[in-house]
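Protein chains: 2
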Amino acid sequence: MDNNKYNSPLPLKRIEITDHFWKQELNLVRKEIIPYQWKALNDQIPDASPSYCIRNFKVAGRLNEERKRLGDAFVEPSYTYPGFEVLPEDPKDLKEQFYGFVFQDSDLYKWIEAVAYSLEQHPDQELQKTAEGAIDLIVNAQQEDGYLNTYYIINGKNKAFTNLRDHHELYCFGHLAEAAVAYHQATGDHKLLKVTERFAECIAAWFGKEEGKCKGYPGHEIAEMALVRLYEATGNETYLNLSSFFIDERGTSPYYFDKEHPESVKKGQEGKIRYEYHQAHMPVRKQKEAVGHAVRGGYLYSGMADAARCLKDQTLYDACKQLWNSIVNKKMYITGGIGGTHIGEAFSFNYDLPNDTAYTETCASISLMFFARRMLQINPESRYADVMELALYNTVLSGMALDGKSFFYVNPLEVFPEACHKDERKTHVKTVRQKWFGCACCPPNLARLLSSIGHYAYTESEDTLFIHLYIGGIIEKNVNGKTAQINIHSTLPWNGEVGIKIQGTGEVFTLAIRIPMWGNEYELIGAGNAKRAERKGYLYLTKSWEKDEEVKLHFPMKIRRLEANPLVRETIGKIAIMRGPIVYCMEEVDNGKNLHLLCLNNNGTGETVERKIAGTTMTSIQMDGFRQIISQEEEATLYHETWEEQKEAVKLSFVPYYAWANRGENEMQVWVRKA
Amino acid sequence: MDNNKYNSPLPLKRIEITDHFWKQELNLVRKEIIPYQWKALNDQIPDASPSYCIRNFKVAGRLNEERKRLGDAFVEPSYTYPGFEVLPEDPKDLKEQFYGFVFQDSDLYKWIEAVAYSLEQHPDQELQKTAEGAIDLIVNAQQEDGYLNTYYIINGKNKAFTNLRDHHELYCFGHLAEAAVAYHQATGDHKLLKVTERFAECIAAWFGKEEGKCKGYPGHEIAEMALVRLYEATGNETYLNLSSFFIDERGTSPYYFDKEHPESVKKGQEGKIRYEYHQAHMPVRKQKEAVGHAVRGGYLYSGMADAARCLKDQTLYDACKQLWNSIVNKKMYITGGIGGTHIGEAFSFNYDLPNDTAYTETCASISLMFFARRMLQINPESRYADVMELALYNTVLSGMALDGKSFFYVNPLEVFPEACHKDERKTHVKTVRQKWFGCACCPPNLARLLSSIGHYAYTESEDTLFIHLYIGGIIEKNVNGKTAQINIHSTLPWNGEVGIKIQGTGEVFTLAIRIPMWGNEYELIGAGNAKRAERKGYLYLTKSWEKDEEVKLHFPMKIRRLEANPLVRETIGKIAIMRGPIVYCMEEVDNGKNLHLLCLNNNGTGETVERKIAGTTMTSIQMDGFRQIISQEEEATLYHETWEEQKEAVKLSFVPYYAWANRGENEMQVWVRKA
């Protein structure tokens, strides 16, 4: 590890996203999702199940007031387990208690984080006022000792930190910290950051390697990376040490979760079985295979990469690389989706990537982007950015309807609606996006990811600006106290033309431009007297940049046919179509019923067609193929002796995977049989 | 329906199975399974979980004695629900109570039925004495009013017949009746038949269309067909009427099971959802699609066919035909397996026939044979016999190891052992057969089916002997008071030569010989002056048969390549290999790892090879094919642009499906990709 080379995301203030494609997405977040989610948090969406999130904060705040008013006469609530999700018997008859999932607080934090990124790029007084009101609710709910989790505050703080495995307190803290740092960076306001630091101190007083402190760690990871972020924002090493403690303690034997849950320790069951789900089955440095709940995994690995970078911890970094390779070489869908099984929403075993029962949660691909960006910070290799791009343009975007109003948790690669309705093994696979969920992790996670997309597109070190994703934007790069402006114009993902205009100040710095896996036959125009170097998939252009300079790139946008490693049983004999970073799929609405009857010709090129889907213009693809015809004889029986297949030549119509299910319920298929 | 043409199975006494192939199987039943199961019923198998079956009868008997001894002072046990399966806390510390599944009684009945068939063909004094001892236990357990179910006798008869949906009392009765008729026919002994008739009268007094009687019907069907059998054995129409009542009442609205289980009636849930599992979602005559638990379905449809025949009920027969077609044209595996999903051990939706998660229970294929034989009795069409044969030679036989010592419940068409161990969706799929099950339905069901195989191979009407399956045997056919002997010699399933020697008496009768679907290019030799006719897949040879006549048949045993209806998504682009009635499969032990990498050549014939598997000689098949080679580049990554597939020519080795998993745990695949 060479920390001189570390790079970091730029403050969003120094980035203006001007990209045609992404501006649409960001506008959806700003104009649709953020206002919608605020309503959802306040239980104001008529058709959706209430969140109770804001309500819980208010109830906790009122309890605090009562406590102050009554002093010693106040009787603290004493904890009895109300259930993982608590709903009122009659929604009209709400009591002064906690409702919703135990992790409901995190939804507000995710919303504030998204708001922060939005405000940083689009100041909006009214939105800021709303956010400040929400922050005040959080302030009011916080306890005198810094503790802050409405579930335990309302149900009985005497049991705080006693069920780390299942109860998400430290998870909620992590989201609080992410929100607080983002909000502080966006607005300069310290209020939420202070709340967070007080809670962090409270946690640091409870947990740690010092004798007498609790040796637990989060059941659902995120605090690990959030604490590093809090450390980087404040410089307070307590937080970095606490993150490091959580990471190092995780999965050590005897298992902390066994101590916490003696009832669940069964004879003959290894910790491997009990805690793989939580990535707590062995010390993290020994973990070579990505296992368990995929979102938890992605968050942990991201935190490990952060800690490895800040602590220059080579063994931890080595573990990150191993886990990265495990995911990317054995457990990732071609769409950048992860989590092959809905049982535990988890990584399945190596090469087990079923298309129709996939879990591939939107949040899991977001977590993979987190992990990728962090690996890029340590070591800019384009293979990390390739995966980040793949996840972003496919599974992450698929998580949201084109109108920003409905969402997928699960992003399968093949859907046969009848099976989703009639086969209980596929009930997790929805055929159309849904409005809002009781467990609403994906929509707000999408909001915070998309509204901070600049953090993933570009990073910088002192003398280098990295362009990881070809997203159009205007970036300010400070070099030797002077500010150069880099204006990227990109026609991606539909075309391969990228123009980079530099308003330099005569200072020497480097533009590090990623060469995508799919575009390594690129053409470079301009950059005349720059020193050129290519390293690990990045093109480094170094010179003293003057005024009005321009570099142009042309990436070939050819239609590519991809195959999976033959060990992937589900895709043997099948092909997937990509163009640039976009994975394509066939939908019934374009190709008729029974997509499995369609085959791709072995040769025959495709052609691109610009078209509108649900009002959005995009590039679709037509390929030569054929449809197997079902003869009358075949239709009448189940089995028959083989005969010459009857087939008709057809044009197979492909649309971007992320745009599927925007035209009603229908069949969808990414992998197509080859003839 | 033309009842002059109805045909019936012959008494096993008039059949001697001499077939080389089937004698082996019957010997296994007689020498291995029946003694083994007796030990299992008596909890004497060291490694297997105890059955408690015999023990329950003894406990119930002791209760009866106590009742007689104490008279009015006896306190009847009062029912409280002990659970669907009750196990002792410590097996050493057994109490005077009921243990095992609520349907545990049926295991003894199934054993007695198998014993009866065995005794009928192979008298065995010692075995008969053991059976009589067992029957005495049953006699002792029966209540004065005829009631007989140890679960309720021990736990509290006050709740008898109050949970028909879940508690299998009428199911146990059905197996009792099957056993009693079989035992009576085999030995002439009336004891068990009397017990059964007393219980049947008790049931008939409780249930029926008369006012005041209970309008319930069995949650798990079998009583329907068993009552018809009891009627046919005794001539008592009460039993036929009771069967008819159960059939007619089933699925009528308001649902009886709703009344019984008001707690499970949920708003907005149609009876369709609640009772499809039990085939009680609509009146049986309206059922056009086979749904729900496959064994239950097969038993119900068999009972419907029996009742339709005895009552000359055309609408009921029409429903049987519809349901038959639903199964055979849309829901049956090529192995004659039924039940596409383990969820509810049930039929899945049309054309949903997954190979690796199939349930395809051994018992379900047995039930399909029951149904087929009954359809043949009404109308001898070879399509019924084709399916009966398919189920028998493939899924039914697969249920048992070649040494008769271990059993499959689930008979998948594709197994990748790692998936069965690591994918919770496949935990029902075992990779090797198991010794004995707590819920031991399949092994004793296999025993009773195989030991009465003559009931399926041949049936007769007054003037016709039907040969449905080419199983070698010597059959006595009575015509006009004289007895002709028909001696069938068959080289099936490995060769296609069948010789039928007739020792006639000069009387005119018809030999009705099935022409199998796979052998319609047969050759007939002999039968000189017989009147010949071919109808619905049967060849009818009518003449006055004299002494020492012979008819020979030659069926071509070519290797056949089969395809499924293209609407079966799981088998698109794949081929299955059959020869005669035998479905073949590839195993890892013969073909190496990763069977999915193997393809069959589009042309190129196969060759048969005689070989031994686990000590048994059978015909295996070699076919030309190739193996996809995984290049180093492919191995290093998950996805790559397509290139020319690297492949090597290999001989694919196929063994009979029923013989798979007799050489340790390994991959198996029925359907092979075509090149």
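Which chain is which? The protein sequence lines are A and B, in order. Be aware that the first sequence starts at 1, since it is given in my numbering, and climbs by one per residue. Be aware that the second sequence starts at 1001, since it is given in my numbering, and climbs by one per residue. Even glycine gets a Cβ: it sits at the ideal position worked out from N, Cα and C.
Interface flag, residue i vs chain B, CB-CB below 8 Å
i, result
"A:D423", "yes"
"A:G454", "no"
"A:H428", "no"
"A:K536", "no"
"A:P556", "no"
"A:G573", "yes"
"A:H596", "yes"
"A:F416", "yes"
"A:I630", "yes"
"A:Y256", "no"
"A:E381", "no"
Run of the alpha helix (DSSP H) containing residue i, from where it starts to where it stops
i, result
"B:E1178", "1169-1187"
Which of helix, strand or coil DSSP assigns to residue i
i, result
"B:E1076", "coil"
"B:H1281", "coil"
"A:G100", "strand"
"B:P1556", "coil"
"B:L1240", "helix"
"B:Y1584", "strand"
"A:T252", "coil"
"B:G1625", "strand"
"B:V1396", "helix"
"B:E1523", "strand"
"A:N478", "strand"
"B:Q1037", "helix"
Where the beta strand (DSSP E) through residue i begins and ends
i, result
"B:E1610", "1607-1613"
"A:S348", "Unbroken run through A:S348: none, as it is neither H nor E."
"B:L1511", "1508-1514"
"B:M1517", "Where B:M1517 is concerned, there is no enclosing beta strand (DSSP E), given that its DSSP letter is neither H nor E."
Below-8 Å beta-carbon distance, residue i vs any chain A residue
i, result
"B:R1560", "yes"
"B:R1673", "yes"
"B:Q1749", "Since the first residue of chain B shown is 1001 and the last is 1675, residue 1749 of chain B is not available in this structure."
"B:N1565", "yes"
"B:R1569", "yes"
"B:S1348", "yes"
"B:E1634", "yes"
Cα-Cα separation, residue i to residue j
i, j, result
"A:A533", "A:E381", "14 Å"
"A:K288", "A:G537", "25 Å"
"B:I1247", "B:N1140", "31 Å"
"B:R1309", "B:T1238", "16 Å"
"A:I488", "A:A116", "24 Å"
"B:L1449", "B:L1070", "43 Å"
"B:K1612", "B:F1101", "39 Å"
"A:E224", "A:D306", "8 Å"
"B:K1426", "A:E270", "21 Å"
"B:Q1037", "B:N1064", "26 Å"
"B:A1131", "B:E1120", "13 Å"
Under 7 Å by beta carbon: chain D residues contacting residue i
i, result
"A:A419", "The structure shown contains no chain D; the protein chains it does contain are A and B."
The segment 275-300 of chain A: which residues have C-beta closer than 9 Å to a C-beta of chain B, in chain order?
-> Interface annotation for the segment 275-300 of chain A against chain B: empty, criterion Cβ-Cβ distance under 9 Å.
Proximal residues, the segment 1328-1343 of chain B versus chain A, C-beta separation under 8 Å = Correct list: V1328, N1329, K1330, M1332, I1334, T1341, I1343.
Taking any Cβ of chain A, which residues in the segment 1077-1109 of chain B have a Cβ under 8 Å from it, in chain order?
-> Within the segment 1077-1109 of chain B, no residue has a Cβ that lies closer than 8 Å to any Cβ of chain A.
Residues of the segment 638-657 of chain A with a CB closer than 7 Å to any CB of chain B: list them in chain order, please.
-> Taking a C-beta cut-off of 7 Å against chain B, the contacting residues of the segment 638-657 of chain A are L638, Y639, H640, E641, T642, listed in chain order.
Residues from the segment 1384-1405 of chain B in contact with chain A, defined by Cβ distance under 9 Å | Listed in sequence order: no entries.
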